[in-house]
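Notes to accompany the following structure.
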Amino acid sequence: MKRLKQLVMGLVTAMTLFAGGLSGFSAPVTAQAATTASNSTTVNLKAKAGIAVDAKTGQILYDKNSDQVLPVASMTKLLSIYLVLDAVHSGKLKWDQKITINQATAKVAQDTNLSNVPLRAGHKYTVKALYQASLIYSANGAVEALGTAVAGSPHAFVTMMRAQAKKLGMTNAKIYNACGLTNKQVGKLGYSNEAGSAENEWSAADQAKLAVALLDKYPEVLKTTSIKKLWFEKGTADATKMENWNWMLKGLSASYSKLHVDGLKTGTSDAAGANFTGTANNNGNRIITVVLHAAHKSDTDPSRFQQTQKMMSYVYNNFKTVNLKAGSQVAGSKTVKTNDAKQPTAKTVLTDGLKLWIRNDQVASNVQSTTTLKQKLTKNKALEAPVAKNTQVGTANISLKGDQLGFLGNTKTTQVPLKVTQTVEKANVFVRIWRSIVALF
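In the numbering used here, the protein residues as written are 1 to 441.
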């Protein structure tokens, strides 16, 4: 089955390149307003659920049923890899460390009806090789082996996954294993008290939260997710040519010249249909997309990638970015009231920069903000003097006028620290007494 998939995938690639441009993959992506049918101002997503977000802020740029809980299949592996990278960065695992494969994991890995590299019981493989196989080839046994190495057992790793999902705000997550197969398919790695049909489920919004967190903390993951082909155990009897299941990578059958896709992960099962978490970086503007339950009529069905291309093109064709630089001001958070200070207000600026997306028909003045002061620095709902120059005094809660989508986490705002630009000096005692007297009348 695995060899057949490889052969079919190669034929699809060749046929697509020969055809020279299916209509779904021919529209230019620009920063200009939509002018043709292919630059549509709507998406008409043919999938049960989908979402497009900014990869840094989580600003939602497109949404369809993104809170609906659905099977995610092998997209699960991004959560597992997040924890594997945690272990590598903390020193618990090393890239060249060898992991011995147990019998239960080997049984999953030897199932040729599933995405796998042929791990053998008792054999040892490096963390790096298993990591690459998990991301490039969606190898189920490989990621299960990594999970056991991190936590000590499959169930202990699932406990870690559940805790991490909660920490990331993935409130809808139901997790049974590290790879995304059904409980029955993972055999002894699964749970005897759960239905055989049980499989990992969460929403498109949850998956977007995971992808944002992964790229923020471990952007190096893209070096692996962008690899098109790689050998596993080359030169041995188990040599396997791993061809990336993300066909949107440059040169593969669903690639699109104007979209610079370099990740992230597919997922496929009978219950899930065809899923895909994609990411593209055009002109320094990185977005993340999630498609859940697109059509999957055969192993060569490109529907998930076609729907991803629709979302990505929609964003890049219909939105532009506004860059708020560190040290700049935003309407609604330019000053704060002071208490017992020489001046009644203090000027505030953004401590960090922020990139926001606005529609092509909008202007930068659509950006607005409210201010939340740090409680320990306030008195009578104002900034209590004295305060040193450049002190972070609170946050700017930034939003867009008329925006109905907001940001991941069901919030309409994103927070940026605010600081004062000058020292807020305390007024002398006579001034403070006089103000108190005036306030009585």
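For every residue, glycine included, the Cβ atom is placed at its ideal position computed from N, Cα and C.
Self-check item: Exposure label - Gln-32; buried when at least 16 CB within 10 Å
Solution: Annotation note: pLDDT 30 at Gln-32 (below 50); position unreliable, no value reported.
Quiz item: Hey, which unbroken runs of the beta strand (DSSP E) at 3 residues or more fall wholly within the stretch 349 to 393?
Solution: 354 to 359, 367 to 373, 382 to 384
Exercise. Spell out a yes or no on whether the stretch 110 to 124 and the stretch 146 to 166 are touching, meaning 3 or more CB-CB pairs, one atom from each, closer than 8 Å.
Key: no
Quiz item: What is the residue span of the beta strand (DSSP E) that Ala-47 lies within?
Solution: 47 to 54
Quiz prompt | Proximity to Gln-404 [Cα-Cα], best of Leu-356, Lys-46, Ile-60, Asn-275 | solution = Ile-60
Quiz item: Over what stretch of residues does the alpha helix (DSSP H) that includes His-89 continue unbroken?
Solution: 77 to 90
Self-check item: With 16 other Cβ atoms within 10 Å as the buried cut-off, status of Asp-340
Solution: buried
Practice problem: Could you have a look at Ile-480 and say whether DSSP puts it in helix, strand or coil? | Solution: The question about residue 480 has no answer here: the residues shown for the chain are numbered 1 through 441.
Quiz item: How do the stretch 321 to 336 and the stretch 289 to 307 stand: do at least 3 beta-carbon pairs fall below 8 Å, yes or no?
Solution: no
Quiz item: Tell me which same chain residues have a C-beta within less than 8 Å of the C-beta of Val-438, skipping the five on either side of it?
Solution: none
Quiz item: Just reading off the alpha helix (DSSP H) that Phe-407 is part of, what are its end residues?
Solution: No alpha helix (DSSP H) contains Phe-407, which DSSP labels as neither H nor E.
Quiz prompt | Rounded separation between Ala-205 and Gly-263 - CA only | solution = 17 Å
Practice problem: Would you mind working out which of Lys-381, Lys-209, Gln-185, Ile-99 sits nearest Ala-198, comparing C-alpha positions? | Solution: Gln-185
Practice problem: Could you tell me the boundaries of the beta strand (DSSP E) in which Phe-276 lies? | Solution: 273 to 282
Quiz item: Distance, Cα to Cα, Ser-255 vs Gly-278?
Solution: 12 Å
Quiz item: Would you say the stretch 231 to 240 touches the stretch 166 to 184, given that touching needs at least three Cβ pairs under 8 Å?
Solution: no
Exercise. Would you identify the three-state DSSP class for Gly-141, choosing helix, strand or coil?
Key: helix
Exercise. Measure the C-alpha to C-alpha separation of Lys-128 and Tyr-82 and round it to an integer number of angstroms.
Key: 14 Å
Exercise. Can you check DSSP and say which residues form a bridge with Leu-252?
Key: Bridge partners of Leu-252: none, in fact.
Exercise. Would you check if there are 3 or more beta carbon pairs closer than 8 Å linking the stretch 374 to 393 to the stretch 419 to 427?
Key: yes
Quiz item: Would DSSP call Arg-304 helix, strand or coil?
Solution: helix
Quiz prompt | Asn-282 at chain C interface by Cβ criterion, 9 Å | solution = Any reference to chain C falls outside this structure, which holds one protein chain only.
Quiz item: For Gln-343, is the classification buried or exposed, using 16 other Cβ atoms within 10 angstroms of its Cβ as the cut-off for buried?
Solution: exposed
Quiz item: In terms of alpha-carbon separation, which member of Tyr-314, Asn-318, Thr-289 lies closest to Arg-304?
Solution: Thr-289
Quiz item: Taking C-alpha atoms, which residue in Leu-135, Glu-233, Gln-375, Lys-209 lies nearest to Glu-220?
Solution: Leu-135
Quiz item: Lys-46 to Thr-414, Cα distance in whole Å?
Solution: 30 Å
Quiz prompt | Gln-415 - partner residues in DSSP beta bridges | solution = Asn-397
Quiz prompt | First through last residue of the alpha helix (DSSP H) which encompasses Lys-217 | solution = 204 to 217
Practice problem: Might you give, ordered along the chain, the residues of its own chain that have their beta carbon closer than 7 Å to the beta carbon of Thr-372, omitting 5 neighbours on each side? | Solution: Gly-394, Thr-395, Asn-397
Quiz prompt | Of the residues Gly-58, Leu-85, Asn-113, the one placed nearest Gly-141, counting alpha carbons only | solution = Asn-113
Exercise. Just mark Gln-103 as buried or exposed, buried being the case when its beta carbon has 16 or more other beta carbons within 10 Å.
Key: exposed
Quiz item: Roughly how many angstroms separate the alpha carbons of Ala-280 and Ile-287, rounded to a whole number?
Solution: 6 Å
Quiz prompt | Element boundaries [beta strand (DSSP E), containing Phe-319] | solution = 319 to 324
Quiz item: Residue range of the beta strand (DSSP E) that Ile-287 falls in?
Solution: 285 to 294
Quiz item: Between Lys-92 and the ligand SAH, is the CB less than 8 Å from at least one heavy atom?
Solution: Of ligands this structure carries none, so the ligand SAH is not represented either.
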